[in-house]
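S.K.:
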Amino acid sequence: MQEDFKTHLKNINFEKSLKKLKKKLKNKTSIVYGAGSFFKYINENYDLSMLNIVGISDMKFDEKDENQEFLGYKKIPKNKIIDYKPDYVLVATLKYIGIVEDFEINILDKTKIKVLPLAKLPFIDLIKEIWCK
C-alpha cells in the first residue's frame with residue numbers, strides 16, 4: 020500500500036503542488052479532513068509544518084475524541100470544524116471530489132472557509148474520477 024501511495028504521489032507531482040500549497044496557505048490555518056492511511060503516509064514522508072494544521076478531522080471522530088490526538092494533531096469532529104474557524108479544509112483522500120462537494124454545499128456554504136484537496140489530481144485524472152463515479 021505504501022508503495023502505491025509513493026507511486027501515486029510521484030505521478031501527480033505532489034512535491035511541486037505541496038510547495039505551491041504552502042505558499043498559498045502562508046499565514047493561514049487549516050484543518051485536514053481524512054485521517055486514513057493516505058494522510059498518514061503523507062504526514063510521515065513530507066514536511067507539512069508550513070500548512071499550519073490546527074487539527075485533523077474524520078467522519079469516525081466524534082465529540083469524545085475532540086481532546087485526543089491523531090498523528091500529533093488535535094482530533095476534530097466533522098460537525099465542529101466550523102467552530103475552529105480555519106481558513107482552509109484540506110481533503111486528504113485519494114478520491115476527493117464528493118467530499119469537496121459535500122463540504123462546499125452542505126457544511127461550509129455559509130462561511131468563508133475554503134476547501135481544497137491536499138493531493139490534487141491532474142486535470143485528466145480528475146475528469147476520469149468525475150465520469151467514473
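Be aware that the sequence shown starts at 20, since it is given in the numbering used here, and climbs by one per residue. The beta carbon of each residue, even a glycine, is placed where N, CA and C say it ideally should be. Predicted model only: the values in this text are computed from it and were never measured.
1. Is it true that the segment 113 to 127 meets the segment 59 to 69, where meeting means three or more beta-carbon pairs spaced less than 8 Å apart?
2. Along the chain, where does the alpha helix (DSSP H) containing I101 start, and where does it finish?
3. Using beta-carbon positions only, say whether V73 and T112 come within less than 7 Å of one another.
4. Considering only the beta carbon of each residue, do S89 and A54 sit closer than 7 Å?
5. What did DSSP end up calling L140 once you bin it into helix, strand or coil?
6. Are the segment 120 to 137 and the segment 97 to 107 in contact at 8 Å, needing three or more beta carbon pairs?
7. So, under 8 Å CB-CB, S76 and I101 are touching, yes? Tell me the CB distance rounded to an integer number of Å.
8. Specify the secondary structure class of D66 as computed by DSSP and reduced to three states.
9. Where do the ends of the alpha helix (DSSP H) carrying L40 lie?
10. Looking only at its chain, what residues have a beta carbon closer than 8 Å to the beta carbon of K38, apart from the 5 residues adjacent to it on each side?
11. What are the partner residues of D77, as DSSP defines its beta bridges?
12. Contact defined as beta carbons within less than 8 Å: I believe I31 pairs with P141. What is the distance between those atoms, to the nearest angstrom?
M.R.: In short, the structure shows the following:
1. no
2. 100 to 103
3. no
4. Note that residue 89 is Phe in the sequence shown here, rather than Ser. Cβ distance < 7 Å, so F89 and A54 count as in contact.
5. coil
6. yes
7. Not a contact, Cβ separation roughly 11 Å.
8. coil
9. 33 to 43
10. none
11. P96
12. 6 Å
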